[in-house]
Structure formats: structure tokens, C-alpha cells
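Colleague:
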Amino acid sequence: MATRYSDDLYLLDLSFQGQHHAIASWLVRGERGWIIIDCGPDTTRTELVASVESAGLDMRDIERILLTHVHLDHGGGVGTLLREYPHLRVTIQAEAVQFLIDPARLIRSAGMSFGDKMERLWGEVIGFDADLVDGIVAGETVPGTSLRAYATPGHTATHLSFLDSATGVLFAGDAAHARLPESALIVPTLAPVELDFDAWHTTAQTMLGLQPSALAIPHFGWVADAQSHLEQVEERIAQRRAIAEELVRSPADVDVLTDLYAATTRAEYTAEGGEVDDKVASLELAMPSYLGGQGMMRWFKVHGWFEG
Ligand SMILES: [Zn+2]
121 MATRYSDDLY LLDLSFQGQH HAIASWLVRG ERGWIIIDCG PDTTRTELVA SVESAGLDMR
181 DIERILLTHV HLDHGGGVGT LLREYPHLRV TIQAEAVQFL IDPARLIRSA GMSFGDKMER
241 LWGEVIGFDA DLVDGIVAGE TVPGTSLRAY ATPGHTATHL SFLDSATGVL FAGDAAHARL
301 PESALIVPTL APVELDFDAW HTTAQTMLGL QPSALAIPHF GWVADAQSHL EQVEERIAQR
361 RAIAEELVRS PADVDVLTDL YAATTRAEYT AEGGEVDDKV ASLELAMPSY LGGQGMMRWF
421 KVHGWFEG
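Everything in the sequence shown is counted per our numbering, starting at 121 for the first residue and increasing by one.
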């Protein structure tokens, strides 16, 4: 389903695993055609196409897929999408291009997080011809658009966010965390394997300095109070980290940490009120507690908190 924000901007709800408010794509008008920001996984490809059509467009109107980062919930479907629609071009951070054209490493890494859920969550993950990708680096503008790339590492090392210089909207990707519609609660997007708190500190400052008019985020939707949201990005990470520091004594504690993250998120939504089960269902698909647990555990391990 498409939601219109302006003549040039639509939000597409990809109904990931049949659940609304889990994964969004953003549809932005460029000079040569429309741009899909974060196309989602292969398992939502049919819904993506239907959403494009519900915006009154056709896939032939789409010129380019722009990815904030390589995670499968954002770009896992790009290979099968290009197979179906070979006129499309792809833009991603230059060093991340290799993970798209040959996704073997990406699949192996994701397999360690998602195990036997891989196929059900992500479907087919395939590579494609390197000629179809335009690598981009921070400071450059996406061809045919007013979208300028900013380096926003922390969630992943090569993460980019895109500021639309025409409107001031920041397509933040996962750098500004997850936040559901009609909720004030910001849920950190902590995930293995490149989680980097120092980099995220700089990223939070970068995003605040851009003074965006609004945020457009993949998990999930439109954030009108951009500045106060961005001011909480680091504080929310610190809260999740404090929970882990209290608890984690060995790598085996990951399941306990995961359960505690899930319980914490549920308690926070309960305190906020509204449709708690629905919010938890969307959030746990968008940003599962087990990824938060794994991400934090991995960071502790890399930084020598425990042996093993
Ligand atoms: Zn991600």
C-alpha cells in the first residue's frame, strides 16, 4: 500500500510477513524517473510492485533502486527485482557494491543470525551484473536527484543516509533507529556484525547538524519531530547498552539478553498504551530483539569483554 506525502514522495508498506509497519520503501520522484529507496527483500517483491501501482505508477516509471545499506530487509530483493525489471539501475555506497553483485558473504553472515528462518524471511538472494550499479560516496548526489549522500556508520560500516536538498527530508535508513507510526518510542537498530558505538556517536552529530525538516525511515514511516527524535538516538543506544552491561558475563548469555530486550520493548510500548501487541509484532519483524542481543554480544566479544 502506498501513502502519499506529496506529488513527489510516497511511503510503501511492504507488508513484510503479512504485518504492516514493519518494512517501508520510499518512492521519490527524480528528474529521469522515480527512485525506490530500500526496495526490501525478495519475499515482499510482489507487494512492492503492487504498492508502486497503488501510487498510480508502473515499474517502467522507476529508474533506480537506492540502498542505504546491504542488510537483507533493505536490499535483499534487489537481485530478483533486476532480473524482472532489467531497465533498473542500483545505487549503493561504493565499498558495499561487491556484497550485492556477489551476495555469498552477505548470505553466509545473515545465515548466522537468521538460521532456518532465512528462506521464509528473505526468499531468494541473487547477484547481478556489476554494470548495473553506480557506487556512491558521501558528499555525492544520486544521479538525476536532489538526494545528497551522508556517511552514517554505526548500524553498518558503509551505511549512507540521503538528504533531499529540495525538501530537507532525511532518508535516514537505520541510522536513526526504528519508530512506529503514532508512537514516540525510538527502538535502537542494534544488529551484528558491524555495530560501532563510536561511529554512531559521530553519525548522531552529523544527522543533528543537517537539521532535517523530517525523517523518512524504513522501520517505519514519517517522523515529523526530526530534531527531538535525533537528540534521543545516542541516549537510546546507551540505555540498551546499560541493560547488556548489567547482564552479560559470557557469550552464552545471548538468549537471556534477547529475552530482556524483548521484555523491555514490550514494557515500553505498554507504558505508552495503544495497540501493544500490534506494535510489538511490527517492531519484532522490523528490528528483532534477537538481532539486538546478537549485535550487542558481538560488540562485547570484539572488544574483549569476555573470552570465547
Ligand atoms: Zn539494517
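The C-beta atom is built at its ideal place from N, Cα and C for all residues, glycine as well.
Count the other CB atoms within 10 Å of the CB of Ser370; is the residue buried (16 or more) or exposed (fewer)?
Modeller: Exposed.
Colleague: Quick one: give me the first and last residue of the alpha helix (DSSP H) that Ile221 is part of.
Modeller: Val217 to Ile221
Colleague: From which residue to which residue does the alpha helix (DSSP H) around Glu183 run?
Modeller: Not the alpha helix (DSSP H): Glu183 falls in the beta strand (DSSP E), residues Ile182 to Leu186.
Colleague: Cβ of Val158 versus every heavy atom of ligand 1: is any distance shorter than 7 Å?
Modeller: According to the sequence shown, residue 158 is Asp rather than Val. Incorrect: Asp158 has no Cβ contact closer than 7 Å to ligand 1.
Colleague: Which class does Ile363 belong to by DSSP, given the choice of helix, strand or coil?
Modeller: helix
Colleague: Can you tell me which of Met238, Lys237, Leu267 and Phe219 puts its alpha carbon nearest to the alpha carbon of Trp154?
Modeller: Leu267
Colleague: Can you tell me the Cα-Cα spacing of Met232 and Leu177, whole angstroms?
Modeller: Those two C-alpha atoms are separated by around 38 Å.
Colleague: Three or more C-beta pairs under 8 Å: does that hold for the stretch 334-354 against the stretch 296-308?
Modeller: yes
Colleague: Are Thr385 and Leu280 closer than 8 Å when you measure CB to CB?
Modeller: Going by C-beta atoms, Thr385 is not nearer than 8 Å to Leu280.
Colleague: Is Thr123 near ligand 1, with its Cβ less than 7 Å from a heavy atom?
Modeller: no
Colleague: Shorter than 7 Å, the distance from the beta carbon of Asp316 to the closest heavy atom of ligand 1, or not?
Modeller: Not under cutoff, so the answer is no.
Colleague: Take Thr378 as the anchor and find which of Gln137, Gly415, Ala391 and Ala269 has the nearest alpha-carbon.
Modeller: Gly415
Colleague: In terms of residue numbering, what span does the alpha helix (DSSP H) encompassing Phe420 cover?
Modeller: In the DSSP annotation of this structure, the continuous segment of the alpha helix (DSSP H) that includes Phe420 starts and ends at Ser409 to Val422.
Colleague: Under three-state DSSP, which class holds Trp320?
Modeller: helix
Colleague: Could you give the DSSP three-state label for Asp178: helix, strand or coil?
Modeller: coil
Colleague: Taking the alpha-carbon of Leu131 as reference, which of Gly329, Thr322, Phe291 and Ser303 has the nearest alpha-carbon?
Modeller: Phe291
Colleague: Between the Cα of Ala122 and the Cα atoms of Gln137, Leu147, Gly138 and Phe136, which residue gives the shortest distance?
Modeller: Leu147
Colleague: Helix, strand or coil for Gln331 per DSSP?
Modeller: Residue state, collapsed to three classes: coil.
Colleague: Rank Ala269, Ile246 and Ala250 by C-alpha distance to the C-alpha of Ile256 and give the top, closest one.
Modeller: Ala269
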